[in-house]
Amino acid sequence: VPLPRVLSGIQPTAGSFHLGNYLGALRQWVALQETAEAFYCVVDQHAITMDWDPEELRRNTLTAAAQLLALGVDPARSTLFVQSHVPEHVQLSWVMECLARFGEASRMTQFKDKSQREGTAGASVGLFTYPVLQAADILVYRADEVPVGEDQRQHLELTRDLATRFNGRFGETFTVPSVRIPEGGAKVLDLQSPEKKMSKSLPPAGCVFLLDDPKVTAKKIRSAVTDTGREVVADPEGKPGVTNLLTIHSALSGRSVGDLEEHFAGRGYGDLKKELAEVVADFVTPVRQRTQELLDDPAELQRTLAQGAARAREVAGRTVADVYDKVGF
Ligand code: ADP
Ligand code: NA
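Residue numbers for the sequence shown follow full-length UniProt numbering, so the first one is 4 and each next one is one higher.
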């Protein structure tokens with residue numbers, strides 16, 4: 004039985020991934036390599052739908068790839084590449100744009116959220132059609148499954164609709180991919196505003212970046228907003244801050260939250276933070292070191308990514324040739 008093929012992408016926008024990205028998504032990428040044929044992609048083309056700086060984008064793309072390798076994406080087992088190195092994504096995307104309806108693209112809630120700042124009229128057309136490029140990212144590999152968070156469900160529905168529409172009009176071509184909400188994904192909250200999810204878009208004090216200086220990481224954890232009371236117990240409603248710290252500890256140490264509650268019985272929030280800072284340091288220190296080693300040899304890193312792109316293009320090229328033939332090019 005061949006392994007199911009999965010495709011997943013992540014934007015390179017922040018320079019460093021954070022604990023939320025790791026515990027909510029990237030940890031599953033690493034685990035999935037055991038049971039799937041994985042295509043993992045740094046989606047730099049999605050990163051220019053909003054304003055960007057070319058040099059920063061180039062640097063962030065390499066840093067993102069280095070972090071993925073440092074976290075355990077294995078280029079011998081998985082195909083790791085940069086989206087812009089595989090022009091077939093955009094080649095397929097144009098056909099998909101011509102099959103997608105303006106009305107269905109207009110219903111995408113992420114565009115509505117993201118275009119709020121500049122207003123719809125000032126947003127780029129790329130931001131509007133982003134979910135169609137995302138569909139092409141997936142369909143060009145004929146992926147069986149797409150591991151994504153709940154927030155991407157609507158885009159996945161569009162992908163499935165476009166695949167079905169193409170197949171209906173031009174004959175069986177695409178696998179209609181299924182959504183795979185990954186198991187064991189943790190939702191990590193912001194350390195300063197634990198009613199929101201940890202995000203690079205919030206002030207950095209609440210966000211633990213994997214590439215932060217260790218002293219900065221420890222300070223962020225020490226300064227995390229906790230709750231009234233003294234007991235270290237999980238209570239998402241009453242104690243979101245403390246619960247979040249326990250969630251992170253549990254996810255990184257592998258100990259259950261119940262176990263940790265016992266471990267911290269009779270001790271205060273200060274002890275929890277001190278120990279969590281150590282647990283986080285033990286996790287991020289080798290990741291940070293490995294990322295730096297990889298970035299210190301950019302030629303080798305580029306070679307790894309070029310090999311990934313070549314492998315991706317073998318698959319993607321066959322799909323585009325088939326599609327272009329069927330649509331009359
Ligand atoms: P950000 O919110 O920092 O902009 P992205 O939207 O780029 O992060 O998310 C990249 C991936 O990381 C997505 O799969 C998303 O679901 C996951 N992710 C982001 N933040 C968190 C979080 N706080 N907890 C769990 N998963 C998260
Ligand atoms: Na986001």
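Idealized CB from N, CA, C, for every residue including glycine. Note that the structure is predicted; figures quoted are calculated from it, not measured.
When DSSP states are grouped into helix, strand and coil, Gly12 belongs to the strand group. Secondary structure note for Tyr133: it is in no beta strand (DSSP E), and the uninterrupted alpha helix (DSSP H) holding it is 128–142.
By the Cβ test, the segment 72–89 is in contact with the segment 30–48, since at least three Cβ pairs between them sit closer than 8 Å. Per the DSSP secondary-structure output, Phe84 pairs in a beta bridge with Cys44.
Trp32 and Pro206 have their C-alpha atoms some 27 Å from each other.
Glu264 and Lys223 have their C-alpha atoms spaced approximately 22 Å apart. DSSP, reduced to helix, strand and coil, places Leu192 within a strand of the structure shown.
Shown here for Gly311: same chain residues with a beta carbon closer than 7 Å to its own, the five before and five after excluded, namely Pro78, Thr82, Leu83, Phe84 in chain order.
Inter-segment contact for the segment 149–163 and the segment 109–119 is present: three or more beta-carbon pairs are separated by less than 8 Å. Set against 8 Å, the gap from the CB of Ala208 to the closest heavy atom of the ligand ADP is not smaller.
By the neighbour-count criterion, in which a residue is buried when 16 or more other Cβ atoms sit within 10 angstroms of its Cβ, Asp47 is buried.
For Val191, the Cβ falls inside the 8 Å cut-off from some heavy atom of the ligand ADP. The segment 50–58 and the segment 202–221 do not touch, with fewer than 3 CB-CB distances between them shorter than 8 Å. Placement of the Cβ of Gly18 at a distance of 8 Å or more from every heavy atom of the ligand ADP is found. Ranked by Cα distance from Val45, the first of Arg8, Thr123, His92 is His92.
Distances from the CA of Val151 to each of Arg168, Pro180, Ala166, Val143 were compared; the closest alpha carbon is that of Pro180. Among the bridge pairs identified by DSSP, Lys200 is matched with Leu192. Looking at the DSSP output, Ser181 bridges to Glu148. Taking the CA atoms as reference points, Trp97 sits about 48 Å from Leu279.
Judged by DSSP in its simplified three-state form, Asp274 adopts helix. Taking C-beta atoms as the reference points, Arg183 and Val149 count as a pair closer than 9 Å.
Linking Lys115 to Asp285 through their CA atoms gives a straight-line distance of about 40 Å. Under the DSSP assignment, Ile51 falls outside any alpha helix (DSSP H); it carries neither an H nor an E label.
Rounded to whole angstroms, Gln86 and Arg316 show a C-alpha spacing of 10 Å.
Asp154 sits in a helix when the DSSP states are folded into three classes. DSSP, read as helix, strand or coil, puts Phe20 in coil. Here the C-alpha atom of Glu234 lies approximately 15 Å from the C-alpha atom of Glu240. Shown here, Asp164 sits in a helix according to DSSP, grouped into three states.
Here the alpha carbons of Arg270 and Leu6 stand approximately 47 Å from one another.
The three-state reading of DSSP puts Asp299 in helix, counting H, G and I together. For Gly188, the CB contacts under 8 Å within the same chain, skipping 5 residues up- and downstream, are Leu26, Gly27, Ala28, Arg30, Gln31, Gly152 in chain order.
According to the DSSP assignment, Phe332 belongs to no alpha helix (DSSP H), since it is labelled neither H nor E. In this structure, the beta-carbon distance from Leu22 to Thr307 does not fall below 9 Å.
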